[in-house]
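Structure, as structure tokens:
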Amino acid sequence: MKDRTVLHIEDNEYNRKIVRQLLSRTTYRLLEAADGEEGLAVAKRELPDLILMDVQLPKLSGLDATRLLRADPRTASIPLVVVTSFALSGDDRKAMDAGASAYLAKPYSPRDLMALIHRFLPEN
Amino acid sequence: MALLSSPLGAPVRAVAKIRASVHVKLLAGFLLITLLFIAMTAVSLRTFAETARETNLLDQAHERVGWSRQIEHALAMQMHFTSMTLLSQGSDPVSLILRENNRFNDTLARLEIAAPAEERALIQAIRGAQDDAMATVADIANAVRDKRLAEAMTVLRTRQEPVYQKIETLVGSLVAAEETRMAKFRASLAATHRQSMRLMAGFAVASVVLALVGGFVISWSFILPVRAAHGFLSDVAAGRFGGTLVVPNRDEFGALAEHMTWMSRELRRLDDEQRVAAATLRGLNDRLALASRAKSEFLANMSHELRTPLNAILGFTEIILDELYGEVPANLREPLVDIQTNGRHLLSLINDVLDLSKIEAGRLELGVGEYSVQEIVEVVHASLRSLAIEKGLAFSVRVAPGIPTAWGDGRRLTQCLLNLAGNALKFTRHGRVDIDVSLADDWLTFRVVDTGIGIPKDEVENIFAEFRQVDTTITREYGGTGLGLSITKRLVELHGGRIGVESELGRGSTFFFTVPLRADGGPA
Ligand SMILES: Nc1ncnc2c1ncn2[C@@H]1O[C@H](COP(=O)(O)OP(=O)(O)OP(=O)(O)O)[C@@H](O)[C@H]1O
Ligand SMILES: [Mg+2]
Chain A
14 MKDRTVLHIE DNEYNRKIVR QLLSRTTYRL LEAADGEEGL AVAKRELPDL
64 ILMDVQLPKL SGLDATRLLR ADPRTASIPL VVVTSFALSG DDRKAMDAGA
114 SAYLAKPYSP RDLMALIHRF LPEN
Chain B
3 MALLSSPLGA PVRAVAKIRA SVHVKLLAGF LLITLLFIAM TAVSLRTFAE
53 TARETNLLDQ AHERVGWSRQ IEHALAMQMH FTSMTLLSQG SDPVSLILRE
103 NNRFNDTLAR LEIAAPAEER ALIQAIRGAQ DDAMATVADI ANAVRDKRLA
153 EAMTVLRTRQ EPVYQKIETL VGSLVAAEET RMAKFRASLA ATHRQSMRLM
203 AGFAVASVVL ALVGGFVISW SFILPVRAAH GFLSDVAAGR FGGTLVVPNR
253 DEFGALAEHM TWMSRELRRL DDEQRVAAAT LRGLNDRLAL ASRAKSEFLA
303 NMSHELRTPL NAILGFTEII LDELYGEVPA NLREPLVDIQ TNGRHLLSLI
353 NDVLDLSKIE AGRLELGVGE YSVQEIVEVV HASLRSLAIE KGLAFSVRVA
403 PGIPTAWGDG RRLTQCLLNL AGNALKFTRH GRVDIDVSLA DDWLTFRVVD
453 TGIGIPKDEV ENIFAEFRQV DTTITREYGG TGLGLSITKR LVELHGGRIG
503 VESELGRGST FFFTVPLRAD GGPA
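If you're matching them up, the sequences are chains A and B in order. The first sequence runs 14 to 137 under the numbering used here. The second sequence runs 3 to 526 under the numbering used here.
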């Protein structure tokens, strides 16, 4: 069976590095994108099994990218976790409204992130 | 224009234009009427004098006619007595004749004095005739005395009778003259009377007409500006400023109209200024609203920008501690945990500051929904239990049984209870901290009781203000910025609730807040 693919869209290099480090010990295949447009392109090209989307991204915001992915039938059903700024600020509701499968408030605990990934995408 | 609609427009305007005070105009009007009355009185007095004089003349003529009649009478008596002398042939009648003669002469003398000049000649003639008559009487008397009766008879018939007749004729013409004069006087008197009647009537009519016209004109010259002012003021009251009040008056009313015009212009100016100010304010307000929107956008961005590096710091620390990079040397574990603790503290500070700015900007909205009171209390208990154990404090929670599912922003209320309980644990060294929730009349009361250091009376009011801390030594020990209570207070108020505290210094504090069981979350 082909390894499960996770697409991480995040503009901050260090945060990408954390996820890279987290997933290095697993069987997941990791794809990365540094802005909304690139993320959208990679998602449509690679059709990953799970998308981690930061809410605030250059060029195209995470929420807009989420909406566009949900509008495309090929990507509409891919599990998508939005990483919001602040759970209390209303971002969580906006994320769910845009079509996210779940949200995770920044700063998140890497342990919690792994738990979430496992929930949507059990490891082989 | 209202002025044209007035009766007697031209004279009214003329009076209005007179450059004199209202007082003077009124006085002049009254004076005019008074002068008219004085003139009328003078004319009537003159007429009265004239009438009196003519009446007097008439009386005199009347008297003279009377006298003339007496003379006639005396003459008749003389004639009678003369005849008697003849008949009785005595001397008695002679003395009677003399008496009548005397009366005749007396009366004639009086008449002569009173008579007008043209009658003098007539009177002289009468006197002469009377003298003749008396001479004849003497002759007759002598003849009678001498018994010459026939001669006496002849004298009587030939001389005496013609003389008497002459006298009679003369007196008759005198009477006639006087009567003519009397008629003339009477006519003149009647004429004077008629004339005076006409004059009086004329004066009366003239005074009435003049008084009416004068009163009318003067009063209208006052009424018109008042009416114009009334219309003008109605305009001002309706907000139509800046008009001009035109009145022809050059008196107090004119001055008043000028002032009112000035007032209206001034009002117009103020009104314009205030409109400009309002427009400026509106513009300013719009810009402020824009700025406020920009501020909250900035805050949202800022929130994320701050969290992103913090996420990296906390994330790396955690995965290092979780030994994703390999085994962590024992001596590095403590400083790594310190990094983690401080990173978390920094995070809570960021959260607080952003929360407060949002509330301040009125941008914080409650995410209302169903929540369970029991769950809130359990979350708070779970997250603070380790701290309580660490400090050796008893920490218990109690939720009154039978509280139904509530409506409100559960996460915000959790934050509130967490703040209060966190404070209680922070400011208590020995003893216990208890959380208690009860329901009464559809109001939930969350209560946190501690046996901590308490709050001085003069500080109780202040602790809900931002950055307010009673004792900074504890802050140095446990951290904190003094924002927890002010955020809690605002969140409770957003729910339509109330927060309060009872505290005794050195013995402990009880913080509590009440919120409706079903809060709609509208801004408080
Ligand atoms: N339970 C308590 N007992 C004694 N003093 C208290 C208690 N709760 C609050 N205070 C006083 O009120 C002040 C304000 O409290 P608040 O929660 O607003 O700020 P903080 O706890 O100092 O900082 P922060 O909550 O922002 O981390 C505290 O500094 C303390 O002096
Ligand atoms: Mg506090």
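Glycine included, every Cβ here is placed at the ideal spot set by N, Cα and C. Nothing here was measured: the structure is a model prediction, and the numbers come from that model.
Of all the options the options, which has the alpha carbon lying nearest to the alpha carbon of residue i?
{"i": "A:E50", "options": "A:A84, A:A118, A:P135 and A:A78", "result": "A:A78"}
{"i": "B:V379", "options": "B:A18, B:L419 and B:D324", "result": "B:L419"}
{"i": "B:L308", "options": "B:L338, B:G345, B:A203 and B:L29", "result": "B:G345"}
{"i": "B:L28", "options": "B:T109, B:F218 and B:A140", "result": "B:F218"}
{"i": "A:D24", "options": "B:R150, B:A127 and B:N313", "result": "B:N313"}
{"i": "B:A520", "options": "B:A143, B:A145, B:V401 and B:G498", "result": "Before going on, a small fix: residue 520 of chain B reads as Arg here, not Ala. Minimum Cα distance to B:R520 is reached at B:G498."}
{"i": "B:F300", "options": "B:K360, B:V450, B:M81 and B:A281", "result": "B:K360"}
{"i": "B:L89", "options": "B:M155, B:S505 and B:W69", "result": "B:M155"}
{"i": "B:Q126", "options": "B:G508, B:D237 and B:V173", "result": "B:V173"}
{"i": "A:L70", "options": "A:T97, A:R58, A:F133 and A:A89", "result": "A:T97"}
{"i": "B:F187", "options": "B:A54, B:R21, B:H75 and B:V401", "result": "B:A54"}
{"i": "B:N144", "options": "B:L415, B:V96, B:A111 and B:G130", "result": "B:V96"}
{"i": "B:V450", "options": "B:D411, B:R414, B:F397 and B:L496", "result": "B:F397"}
{"i": "B:A119", "options": "B:V339, B:G233, B:G285 and B:A179", "result": "B:A179"}
{"i": "B:M262", "options": "B:T246, B:N251 and B:P250", "result": "B:T246"}
{"i": "B:F106", "options": "B:E121, B:R470, B:L77 and B:L292", "result": "B:L77"}
{"i": "B:M265", "options": "B:A279, B:L292 and B:F234", "result": "B:F234"}
{"i": "A:T40", "options": "A:A47, A:A118 and A:T18", "result": "A:T18"}
{"i": "B:L124", "options": "B:E392, B:V177, B:E163 and B:V146", "result": "B:V177"}
{"i": "A:R42", "options": "A:P61, A:G52, A:A56 and A:S122", "result": "A:P61"}
{"i": "B:D253", "options": "B:G508, B:A442, B:L351 and B:V26", "result": "B:V26"}
Does the beta carbon of residue i sit closer than 8 Å to a beta carbon anywhere in chain B?
{"i": "A:R38", "result": "yes"}
{"i": "A:K119", "result": "yes"}
{"i": "A:Y116", "result": "no"}
{"i": "A:I91", "result": "no"}
{"i": "A:L74", "result": "The question names Leu, but residue 74 of chain A in the sequence shown is Ser. No, A:S74 lies away from the interface with chain B (no Cβ there is under 8 Å from its Cβ)."}
{"i": "A:V19", "result": "no"}
{"i": "A:P123", "result": "yes"}
{"i": "A:R106", "result": "yes"}
{"i": "A:V95", "result": "no"}
{"i": "A:L101", "result": "Residue placement at A:L101 is poorly supported in this model, since its pLDDT is 49, which falls under 50; the coordinates still yield a value, given next. It does; some Cβ of chain B falls within 8 Å."}
{"i": "A:Y41", "result": "no"}
{"i": "A:I22", "result": "no"}
{"i": "A:L70", "result": "no"}
{"i": "A:I130", "result": "no"}
{"i": "A:L35", "result": "yes"}
Taking 8 Å as the CB-CB limit, is residue i close to chain A?
{"i": "B:N313", "result": "yes"}
{"i": "B:A521", "result": "no"}
{"i": "B:H306", "result": "yes"}
{"i": "B:Y373", "result": "no"}
{"i": "B:T310", "result": "yes"}
{"i": "B:F300", "result": "no"}
{"i": "B:D324", "result": "yes"}
Just checking residue i against ligand 2 - is the residue's beta carbon closer than 7 Å to any of the ligand's heavy atoms?
{"i": "B:G424", "result": "yes"}
{"i": "B:N421", "result": "yes"}
{"i": "B:G482", "result": "yes"}
Is residue i near ligand 1, in the sense that its beta carbon is under 7 Å from a heavy atom of that ligand?
{"i": "B:L487", "result": "yes"}
{"i": "B:K459", "result": "no"}
{"i": "B:G404", "result": "no"}
{"i": "B:Q471", "result": "yes"}
{"i": "B:D354", "result": "yes"}
{"i": "B:G345", "result": "no"}
{"i": "B:F513", "result": "yes"}
{"i": "B:I455", "result": "yes"}
{"i": "B:F397", "result": "no"}
{"i": "B:D452", "result": "yes"}
{"i": "A:K72", "result": "no"}
{"i": "B:K428", "result": "yes"}
Consider the C-beta atom of residue i and the heavy atoms of ligand 3; say whether any pair is separated by less than 7 Å.
{"i": "B:I465", "result": "You won't find ligand 3 in this model; what it holds is ligand 1 and ligand 2."}
Just confirm the distance between the C-beta atoms of residue i and residue j, as a whole number of angstroms; I'd bet it's less than 8 Å.
{"i": "B:I128", "j": "B:I99", "result": "Not quite, the Cβ-Cβ distance comes to about 17 Å (not below 8 Å), so this is no contact."}
{"i": "B:L326", "j": "A:L63", "result": "Not a contact, Cβ separation roughly 20 Å."}
{"i": "B:G216", "j": "B:L59", "result": "Contact flag wrong, Cβ pair sits at about 42 Å."}
{"i": "B:E102", "j": "B:M79", "result": "5 Å"}
{"i": "B:L269", "j": "B:V238", "result": "7 Å"}
{"i": "B:G484", "j": "B:E468", "result": "7 Å"}
{"i": "B:R413", "j": "B:G456", "result": "Wrong, their Cβ atoms sit about 30 Å apart, outside the cutoff."}
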